[in-house]
Each structure stands twice: as C-alpha cells, then as structure tokens.
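Enquirer: Keeping their order, the protein sequence lines are chains A and B.
Residue 90 is where the first sequence starts when you use this note's numbering, and the numbers rise one by one after that.
Residue 90 is where the second sequence starts when you use this note's numbering, and the numbers rise one by one after that.
This is the structure, below, for whatever I ask next.
2 protein chains.
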Amino acid sequence: MRENTARSLVLPVAPTRGRLRPLGLDEVRITGGFWARRRHINATATLAHCRDWMEREGWTGNFRAAAEGRIHRDRRGREFADSEVYKLLEAMAWQGAAYDGEVAALTDMITPAQHPDGYLNTAFGRPGQQARYSDLEWGHELYCHGHLVQAGVAQSRARGEGELAKIARRAADHVCTAFGPGGNPGVCGHPEIETALVELARLTGEQRYLDQAALFIDRRGHGALADAEFGRAYYQDDLPVRRAEVLRGHAVRALYLTAGAVDVAVETGDDALLAAAVRQWEATVARRTYLTGGMGSHHRDESFGDDFVLPPDRAYSETCAGIASVMLAWRLLLATGEPRFADLAERTLFNVVATSPSEDGRSFFYANTLHRRHRGIAPPADRVSPRADSGLRAPWFAVSCCPTNVARTLAQLPAYLATVDDDGVQLHQYADAELTTSLADGQGVALRVRTDYPSGGTVAVRIGRSPARPWTLSLRIPAWTAGVTVRLVDPDGQRRTVAPGTAQLTRLFRPGDEIRLELPVTPRWIHADPRIDATRGTVAVQRGPLVYCAESADLPDGRDVDAIRVDPSAVPEDGPDGTVRAPGELVAPADTAWPYRPVDEHSPAATDPAAVTLVPYHSWANRGPSTMRVWLPTTPPPTTPTRR
Amino acid sequence: MRENTARSLVLPVAPTRGRLRPLGLDEVRITGGFWARRRHINATATLAHCRDWMEREGWTGNFRAAAEGRIHRDRRGREFADSEVYKLLEAMAWQGAAYDGEVAALTDMITPAQHPDGYLNTAFGRPGQQARYSDLEWGHELYCHGHLVQAGVAQSRARGEGELAKIARRAADHVCTAFGPGGNPGVCGHPEIETALVELARLTGEQRYLDQAALFIDRRGHGALADAEFGRAYYQDDLPVRRAEVLRGHAVRALYLTAGAVDVAVETGDDALLAAAVRQWEATVARRTYLTGGMGSHHRDESFGDDFVLPPDRAYSETCAGIASVMLAWRLLLATGEPRFADLAERTLFNVVATSPSEDGRSFFYANTLHRRHRGIAPPADRVSPRADSGLRAPWFAVSCCPTNVARTLAQLPAYLATVDDDGVQLHQYADAELTTSLADGQGVALRVRTDYPSGGTVAVRIGRSPARPWTLSLRIPAWTAGVTVRLVDPDGQRRTVAPGTAQLTRLFRPGDEIRLELPVTPRWIHADPRIDATRGTVAVQRGPLVYCAESADLPDGRDVDAIRVDPSAVPEDGPDGTVRAPGELVAPADTAWPYRPVDEHSPAATDPAAVTLVPYHSWANRGPSTMRVWLPTTPPPTTPTRR
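Next up, the structure:
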C-alpha cells in the first residue's frame, strides 16, 4: 500500500493509504444513462419523499419533542429512528448546494436535542426513558451516533463544515469518552460506528477516533454483548473479527462491521486484519451470495444462511445489505486494486440497489426476493408497511432503513466509478460520465465515457486532457464475460482480445484519442453450483451484468411464472425493449391430494410450447402485482426412469 | 353422523356424534413393538424428566411464588410456562395410577394460586404484574386455561374427578363468565381453549362450555386481535374460520384452532364448519406438508409457507405441530370415517412425533429439519437450549412446549389405534395390541393384533371373543401402498388383493380365527411434485410408512451427506438392522470463487460409486453430531446440454 494524497475532499471514503486513490464527487460526473436517470429521480423525488414520511411518522418530530421535554411520552418510531434523519442528511449533503436549506432546517431541529456532553438520542437517557447504553444489544445508540458522524463528515467534505458537522464531532467525542479505555467496555449490537469514526479520523486527522474504532473492532467476539435468541453470531459477537472465516449472522451488521474492519486495517497498517476481511469476503461470495449479489437468506433474523443455503423464494437480500456489500467491496478495491471487488459491486448495484426504488423513486423494496409466488397487493399509500413483504414496493416501512440508504448511495455513486494511481486512471464501472482529475505527479487528466451500458456493451473512452507522457488507462473486464470474446480497440484502431480482470493500455494519449471496449451483452443461461439445493434443476438468464427474471405480466391468459419450463439446450435471444426471449414451455401440473409419489408413477402435466419473455430483474414489479422468478426450471429429461 | 354411546370414559376425545366411536385407554392396550418401547420410556423416564426440569427452571415454583405473594419479582420462564405444568399433569393422568401421587403433589402447589373467581395464571393479574387479559395477542392466558381444562378432563376420565378437575372446572367457568356474551369480546392469540372447552362440555354435559368454544371460533377472523408484525394470519385472525381455504400462519395455532372447529362442528351439527375444516385440511396436505407429515416451513414465525414452499433445510416442522396435526386428523377420522385422515396421522406419528424424543426419552427435537448441513454440537445438559437449533436433541428449551406435548400424546396413544361402529371394528394403526370392547348392540369383541410393523408388513389379527352374528372387521390399507400388491388372508386362508383405503371382512367370526394383512414394506424411491422448488432433482426413500434419511455417521472417511448422488433408475434394497442401501455415488464438487457459471461451462466433480446406507428418519441424530438429508440429489443427466 502507498500513501494517498487526495486531490479532492468530496469523498465518501478517503483512506490515507491503499493501492488505489478514490476520486471525489467534484472529479467524476455521471452525465447520462442508467444511473443518471436514477440519480435524477433520487435528487428530485426520493429525498423529499423521505423527509415527508419522517415528518409524518414523527421521526423528525422526536427531536422537537426531546428539546421540549415531552419525549418520554411522545416518542414515535423504532429505537433507531434518529438514524434515518441522519442518513437523509448525509444524502442531502452529498447531493449538493440545492439541499443546503433543508440540511440547515433539519439541523436546527436536531441541535437542541443534543446533551451538553455530546450524547444525542431521542429514545434513551431522559427522565422517563431507559438509561443511556442500558441495552447495547438492541438500543442502537452507537449505531445512531455513527450515522450522525457520517452525515457530519459528508457535510464537511461536500459543503464545508457547518452546524451538523459540529454536532457530529461532539457526538464522536462523547463516544470516545464514554467507550474509550477505562470507560464502558461494550460495543453496539449493530455495527456502524466503526466506519464512521474512521472516516472522521480521516477528515480531522484525530487519532482518538481511529483508536476508538479499532477498540470496537477488537472488543467484538469476546462476549461483549448478552446472549440473544438468534445466537451471538447474530451480532457477530461469536468470534473475534480476525478469527472469523466467513460472514454470518445479521447481514447488514456483518457487512458494516467488516467494512469498519477494513477501514481500521488500512489506517493502522494491520495487514492481518485486512487479510481476515478478504478471506471472509471470499468465502461469503463463494458460498453465501445470490446471483444478484444479494446477501442474507433467512427472514427470521435477516441473516446469512449456512453455506449454499440460498433459496430464491426466501431470499431476504435486504437492500441495505446490498448497499453494505458495495461499501465493503469498494473499500477492498481501494485497498487491493483487485477487480473482483468491483465485479461484485457492479452486480449488486445493478441487481440489488437499483431494484429497490420504484421508477418514480417513491416506493422501495426492503427485501429483494428472487421468486415471488403470489401476486402482491398494492401496499397502503398512507401508512407504513411491514418490511419484508416483497410483493410490491412500499412507500415507507415500520423499519425504514432502506429508502434513506438508497438515497445516500445514489447521491455518492459517481465516486465509485473510477480511481487513479501512480500510473494512471482505472475505470471500474461503466456509465456515461466525465472525469477530471490529476495523476500522482499532479498532471491533469480528463476523460469522457460514452456508453449505453448495460443495455449495450460498447464503452467509448475519449481523452480530453492528458499529460505529455505515457500513462496507463485500466479498464475492468467484468468477470461475467468469462467464455465470450471481449475486444479492446486502441486509438489507432488496433483490436485485441482481452480476458476478465483488468485490461491496460499504456501509451502517450492525446486529446481526442478514443479507446473502445466491446463487451458482448448477449443473454446467457447460468446454472448454480449443485451444492445450492434450492436451484437444482433450474437455470437463470444473465445479460451483461443484469440478471433477468420472468414476470407473470408477460405470460398469456393469467398464467403464472411457476408454469415456466425452459430448454437450456436452445439459445435465449434478445427481445424488444431490453427483454430476452427464452425458449421453453408452459406446464400445468395436475392437482393431487398428496404431493409425493413413487418415482415410477407419473402425474400428467399439460404443456404448451412458448418463448418466455424475461425482463431485467431490477425492473420487476413496476407493472403492478405480479408473480416472478429468476431461476427457471428446465424441461424434464425426456425419458422415464426405468428400474433395472 | 350418528350419536355415540361411549362404552369407555377413558377417552382423550369423546365426540357425542360421529361416523366412528373411539375406544378408551381401558379398551385398547399396546403390548409390544415400536410404540410400546416409546411408551415405556415415556412412562419411566420422560415424565420425571419434565417434572425435574420444570422444578429446576422454576416453572412449578411460579405457583408457590404466586401463593406466597412474591410472584411479581420471582416469576420464571415465558408467559406460557404454566401450561407446561398442565400438559405434564395431563400426561400423568392418562398414564394412570402410578402417577396419582405426583398429580396430587403438583395440584397442591397449583391450588393456592387460583383466584377466587377461577382465574389462574402466574404471569398476569397480581400487584406488580400486567393486568389480566391486557395482552390477548401474546399473553397466552386462555391458552394456559385451556391446557388446565384438558388436564382436568384427563383426570376426570382416567382417574376419577379430583382436585385438579375441580380447579379446571372453576377456570372454565371463569372463562365463560369473562368472555361470554356481553363480556370481553376477545380471543386468545394462541388457540387451545376451544378444544378444551368442548371436551369439558362432553364430559359434563354443560352447554355453556360448548357455546363459549363456538363463540371463540366465530369471533376469530374479524379483527379480534391487534395487528402483528407477522400479519394477522399469524394467529388466524385474517379470515373467519369458515371462510378460509387453507391453513396458514403459525402452524400449531392453525392446527389447534381447526381441531377446535371440528369439535364445535361435530357437537353443534354444523356441517358447513366441518366442511370448511376438511377443505382446509385437504389443501394443507396437498400443498403445505412435508413428506414426513411435518408442517411449518418458516422459522421466522413458526408458520406455514405458501403453497409448495417446503424447503427441507428450513423445515420447521415443529414437534407440537405434528402432534396438533394428529389431533386434527383423529377428530376428522372420527367425524367422517375416511382413511385418508388415519394415513396422515400414521405418517406424522412415525416421522415427526417419534422423531422428537431421543432413545432415552430425556432429550427432544423442537423442530424437525429434513436436511442438516452441519454437524451439531451437543446441547448443554444443564441449561435450556434455543428451540429451533435442530442439530441434536436437547434436554429442555427456553420455549419447551414439545417435551410435555410428546409425553401426553404417547400416554394417550392406544386410543388412536381403533374404533367401532354399528357394523364392527376398524383398525386404523397397526401395533402389537389387545382390544376389548363391545359393538353397538352391546355384544363383546376381543381382538389380539400381532405385528412387527413398521419393520415388517405382516399384521395378524386373532379373534378372541366375538358375537354370534356376522360383523365387519375393517382394516386401513395405507395410501403408501399405492402401486404395490397388498393381500388380505381371511380365516379360511383365502387371499385377496386389496387396494389403498379400507378393506372389509364381514362374516361370522369365531374365537381363534386369524386374519392376516400383508403390506409389502420394501424401500421405494419417492419424488415430489415439481411445484416444490426445493426438492427438484432429488428423490427420497420411503419403506412402509417410514421416511428414510442419509446420515453422515454412515459415510466413509468423514464424508458429508451433501456429497451423495443417488441413481433412481436402480433399486434401493433392504440392508441390515432396518437400514436401506441406496445405489449412487459420492461426489466432491470443486470449490469456486463464484458459485454461478454459464451452462456450457462445467465444474469438475470427482465421483466414487457407493451404495449409500439410509436409516429411518425418526432414528437420526441418536449417534452423536451428524449431517443428514432426506431428499437425495439424483445423478445428473449423462449428457452435456448442447446449443442448437
């Protein structure tokens, strides 16, 4: 690893060391296409939607009630409701000047609720409430402080230090005093404070914040928390972070914790801790991740399942876990430079993060199932919905962590597209974008990326400004291209075939030079490891980075997706408007009184040949209630098993 | 339906009307074999085990604390802990005279805790506690009263009315006063009081108990309870009982409620309500039941999943749900006489109820998974275990409903073997047994059944005493014999082939006559309806009524059950000691960084041919920590899919 000398301050994550140096929101702009549309809706609809719902549900009002001394009887929402206000503030800060007024107004509401010693939480610590830190397992007080700190860091970096940043810093100082050496020896049931404190240390240069984050990481796994019904693995207190082999327990908790561990490892030069995080990520991606990049296969405790327990119909795949996975992957990419981390981030962004918000940015999936058997009913427009009912997107949830998390992620998304290092520029994610930065020697570089990725696979990179010396343009060749031919065309028109990983072009670039990457985004059948019991005998379709699904809206005569059988010996083809046509048939199994029978008995099933229309998974449930499946059963083998 | 004139009073369920008349514990004795062994262990080990754990955990002590006025600070266990004491008392009452002393001692402890108006609960209603019935959703007060009433009924019928029966009747009177017309309009979050009140009405002839039960059934489904995070279906308050099409929500709640609905329907002649229960049972058995008869596929809320959502690895299949399913099936069998209800009861008894207790009767499964991926660790011998960790049986649980439920079920099991009607005797379950009863005209019949079922399939019925007129012996021909040849041999040695359903032999029987039923219990491959996604591409083995499983204890070199691939084109065969040998192979899939790949790529897997030893599912995990699976993946099709 090397030292980073950041050129920009507008960075969600700003490690002082690492293989790659991130670019700020002032250095990369997304100018069109898939993500520009979603960022536009986020800025113009989602932020106001979140603010309105929090006002309506009383979550912002909690701060007023606290200041007015009536919180013990008037508090609304769950114990972590404060954090939603902070996440919205963070999103607004990254979004820029247009939200300065909103940020100031919300901050004015929060300020009087802070205790003189910096503690800030509307659910604990006042007369008539539970005592501070009396329920570290479930109280989420440090979690809320963490989101406050992240909002403060965002304000400092994106808009310049204001009142919010000051509140946040006072809260962080309080946490260090309360939980520092000799203080409360506990940790929070929900990790989050760790990444926040490291980022504040990066912003301020204050060692104590980093030390406190490292202390929280090291305390965990030694019985810091009380036993829980779900077991101590639920909040990762079963094993010390550096000894664990795989992520387990509550998925968001596990991923935030590991992101925090990477932050601490990078800042303290703790290579063993970084290696532990990489090892856990590898095992998790190899054995506990859905095709979409989604993580978490248990509804009961919103947790990872055992290895290869990935039932499509019970996929929890929480939106926030997808976001946390992108956060972790980004930190590992910066630390190591390895494209596999960007591969998972791409998959998760397109198939989890982009799936959550509706087209109008005013409703969301909390969980992202890969198989929906029943048409949902429209959720209420005027009250909160249960979080994991994944039939249709809902405007707000009783536990509503996902909408504000999507909002802050989309607001900071341009920062995840590219990096620089001593040798040049690395493009990790492909979008219509403009990039203006400088290399390690201070010489300026400007690029313009044009693509309709992921609809199309051609990515054109035009050099705007370039040093008068050779440098290296690195392009991630996605892992999903394994087995197909990817071509890179250099400014001279020379084409070469490149393999998954990183393609590098080192030369003296001139303004106007264009580099073209040709990624073949044709639909392909995908099958799963046979150890995933729940997808045996099925295939899925992926086209470029996009996972596809069948939706009942595209079937004739009110038929259901469970009737679909596809034929993987034939080829899926592009259909109109970004759809895919999969060869197969529709079956109608006969109803029986008992669903098990000897192998030599057969239940008749009527079949109709059909080419089944598939749509991108991220777009499902935008046409009203529908059934849906990603993994499609294959046509059964033609012959009857015969006894011998 | 006709009126029943019971000859025996020692009946767990004593409908006044119905197609069949049940026999009492004084009319049927189990004399040997599978169930005799389990009943012996139940009587000699399990009952004392339950009593000792409840004393140790303070659940019996709660009654002392209540009487001594210190319950508000000393209460132990969950809100429904009282009910475990009542279920144990019920088991002891059915078990007979040997437990009279224990019953009296426990009753002496309970008596002073009853309020003058009959209310009895150690968790509510005293100074410093929550008010009575202030939490009908979760408080379980009517549930506890229900189990108290069932214990009282058991005492009255099996041992003659004593103090326990008097307490129970006072409690029932209180319930009718408190929840009768003009009283509290609520219902209990956990159904149970309904069956109890009907049984008390049957015992006492008091109409008010029946009316109250009918009122509880009718109130449900009209928003009687508050909204719950799991949805109102969780406690069956989403739809009126008579309008529902299938069982849903918490499995034990759903099954107890439906059993209560059948009881009310039978006693009030409400054919529409009975038809609704039958319809829901049919849909549940056709689409929401595991091969074992187990019910409930969600851990999150211990509930039924959607239709065909039956993941083996997340099977909750709670022991108590199995017991409740037997209770419901028995009531439907008595009402209708249809053998399909006895078929499900048999399957559930052998594969769920018999699976729960260990061989020594001192540890239990709470949940009964059909697939265990990790070897469990031995649960603590000296403290309670989490309820759904299904790796190994545990001595006691924080929520410990199952051990006492198993105990009371085994204690009353002989009552489920046979019935009589105007025409003769019906044998529903096969066990070494002696039966002495009388037909409708009062003439005596005695039978002796000899069999080593389910190990062997020959059932010999010897007539001991018989009226000097023709009558009909009916034998259930299990549904699992579909497709194989079953023979019935009459006393003259005449053999005939009989089909699944009921075989009847009407003749003038003489003492010494022997009827022989030959059920071919050879192992057979079973496959599941293709709509059960989680078992696609797998088969199971059933031998007679027993479901089999592979256990890692039987694999070489520490191999794991997930390595097993079986070949359903070859025939499974009997192995030694009740095992089955299944033809197949062991595979070792290569580890990969990402578990999804295009269909035309192949992951190499080393394979070794092997005949895999299978054991009866009920016996698994009796040899220490093991992995286990019921559904075995089949060998993949021989050819690679090719594009065309």
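Glycine included, each C-beta is placed from N, C-alpha and C at the ideal position.
(1) Scan the segment 535–570 of chain B and note each continuous beta strand (DSSP E) run of 3 residues or more that stays entirely inside, going in chain order.
(2) Please name the residue in THR408(B), ILE160(B) and ALA483(B) whose C-alpha comes closest to that of GLY713(B).
(3) Please say whether ARG342(A) and TYR324(A) have beta carbons closer to each other than 8 Å?
(4) Judging by CA-CA distance, which residue of PRO678(B), GLU168(B) and TRP569(B) is the nearest neighbour of LEU380(B)?
(5) Could one say the Cβ of ALA529(A) lies closer than 8 Å to chain B's Cβ atoms, at least one of them?
(6) Is the beta carbon of ALA180(A) less than 8 Å from the beta carbon of ARG497(A)?
(7) Run through the DSSP bridge pairs and tell me what TYR188(A) is partnered with.
(8) Verify the CB distance criterion: does ILE466(B) have a CB-CB separation below 8 Å to chain A?
(9) List the residues of chain A that LEU380(B) touches, going by C-beta distances under 8 Å, in chain order.
(10) My guess is that PHE453(A) and THR508(A) are in contact by the Cβ rule of under 8 Å, so how many angstroms apart are they, rounded?
(11) Output needed for VAL719(A): all residues of its chain with C-beta closer than 7 Å, excluding positions within five of it in sequence on either side, in chain order.
(12) What would DSSP say about ARG106(B), mapped onto helix, strand or coil?
(13) Quick one: measure Cβ to Cβ for ALA313(B) and GLY275(B), integer angstroms, because I've assumed they're closer than 8 Å.
(14) Compute the Euclidean distance between the alpha carbons of ALA588(A) and PRO661(A), then round it to the nearest angstrom.
(15) Here's a check: name, in chain order, each residue in its chain whose Cβ is nearer than 8 Å to the Cβ of CYS233(B), leaving out the five neighbours to either side.
(16) In this structure, does DSSP put THR293(B) in helix, strand or coil?
(17) Are the beta-carbon atoms belonging to VAL575(A) and THR586(A) less than 8 Å from one another?
(18) Anything in chain B within Cβ reach of ASP171(A), meaning under 7 Å, just list it in chain order.
(19) Identify, in the order they occur along the chain, each residue of the same chain with its Cβ nearer than 8 Å to the Cβ of HIS138(B), setting aside the five sequence neighbours on each side.
(20) For GLY626(A), go through chain B and note every residue whose CB falls closer than 7 Å to its CB, in chain order.
(21) Give me the Cβ distance between VAL669(B) and LEU721(B), rounded to the nearest whole Å; I'm assuming they're in contact under 8 Å.
(22) Helix or strand or just coil, what does DSSP make of GLN219(A)?
(23) Kindly indicate which three-state DSSP category LEU735(A) falls into: helix, strand or coil?
(24) Check for me: the alpha helix (DSSP H) holding THR120(A) runs from which residue to which?
(25) Which residues in chain B sit within 9 Å of ALA639(A), going by Cβ to Cβ distance?
(26) Assuming ILE160(A) and ALA520(A) are in contact, meaning their beta carbons sit under 8 Å apart, how far apart are those beta carbons, in whole angstroms?
(27) For PRO589(A), which of helix, strand or coil comes out of DSSP?
(28) Which ranges would you report for the alpha helix (DSSP H) in the segment 441–488 of chain A if only whole runs of at least 4 residues count?
(29) Bridge partners of ILE604(B), per DSSP?
(30) Are the beta-carbon atoms belonging to VAL488(B) and ARG476(B) less than 8 Å from one another?
(31) Rank GLY385(A), GLY158(A), ALA679(A) and VAL534(A) by C-alpha distance to the C-alpha of ARG455(A) and give the top, closest one.
(32) Closer than 9 Å, Cβ to Cβ, to anything on chain A: give me those residues from the segment 388–412 of chain B, in chain order.
(33) Is the Cβ of VAL102(B) closer than 8 Å to any Cβ of chain A?
(34) Quick check on the DSSP output: the alpha helix (DSSP H) that includes ARG368(B) runs from which residue to which?
(35) Look at the Cβ atom of ALA694(B), then the Cβ atom of PRO678(B), and state whether they are nearer than 8 Å.
(36) Run through DSSP, which three-state label would SER392(B) get?
Expert: A quick look at the data gives this:
(1) 547–554 and 560–566
(2) When the alpha-carbon of GLY713(B) is set against those of THR408(B), ILE160(B) and ALA483(B), the nearest one is in ALA483(B).
(3) Result yes, Cβ atoms of TYR324(A) and ARG342(A) sit closer than 8 Å.
(4) Among PRO678(B), GLU168(B) and TRP569(B), the Cα nearest to that of LEU380(B) belongs to TRP569(B).
(5) no
(6) yes
(7) DSSP output for TYR188(A) lists no bridge partner at all.
(8) no
(9) TYR685
(10) No, PHE453(A) and THR508(A) are not in contact; Cβ-Cβ is about 30 Å, not under 8 Å.
(11) LEU380, PRO401, LEU459, HIS460, ALA629, VAL636, CYS638 and TYR706
(12) strand
(13) 6 Å
(14) Going by the C-alpha atoms only, they are around 24 Å apart.
(15) PHE169, ASP171, SER172, TYR175, LEU209 and ASN210
(16) helix
(17) Taking 8 Å as the cut-off, the Cβ atoms of VAL575(A) and THR586(A) count as close.
(18) By Cβ distance, chain B contributes nothing, its closest Cβ being about 21 Å from ASP171(A), past 7 Å.
(19) Counting only residues of its own chain and dropping the five nearest sequence neighbours on each side, HIS138(B) has a CB closer than 8 Å to the CB of GLY450, ARG451, PRO484 and PRO492.
(20) Ordered by position in chain B, the residues that pass the 7 Å Cβ test against GLY626(A) are ARG625 and GLY626.
(21) Cβ atoms of VAL669(B) and LEU721(B) stay farther apart than 8 Å, at about 11 Å.
(22) strand
(23) No information on residue 735(A) is available, as it lies outside the stretch 90 to 733 that chain A covers here.
(24) Not the alpha helix (DSSP H): THR120(A) falls in the beta strand (DSSP E), residues 117–121.
(25) Chain B residues near ALA639(A): none, gap ~14 Å exceeds 9 Å.
(26) Not quite, the Cβ-Cβ distance comes to about 44 Å (not below 8 Å), so this is no contact.
(27) coil
(28) none
(29) According to DSSP, ILE604(B) bridges with VAL550(B).
(30) The answer is yes: Cβ separation under 8 Å.
(31) For clarity, residue 455(A) is Tyr in the given sequence; the question names Arg instead. Nearest of GLY385(A), GLY158(A), ALA679(A) and VAL534(A) to TYR455(A), Cα basis: GLY385(A).
(32) Those residues of the segment 388–412 of chain B that come within reach of chain A (Cβ to Cβ, closer than 9 Å) are HIS388, ARG389, ASP390, GLY394, ASP395, ASP396, PHE397, VAL398, LEU399, PRO400, PRO401, ASP402 and ARG403.
(33) no
(34) Note, ARG368(B): alpha helix (DSSP H), 360–376.
(35) Contact check for ALA694(B) against PRO678(B) passes: the beta carbons are separated by less than 8 Å.
(36) strand
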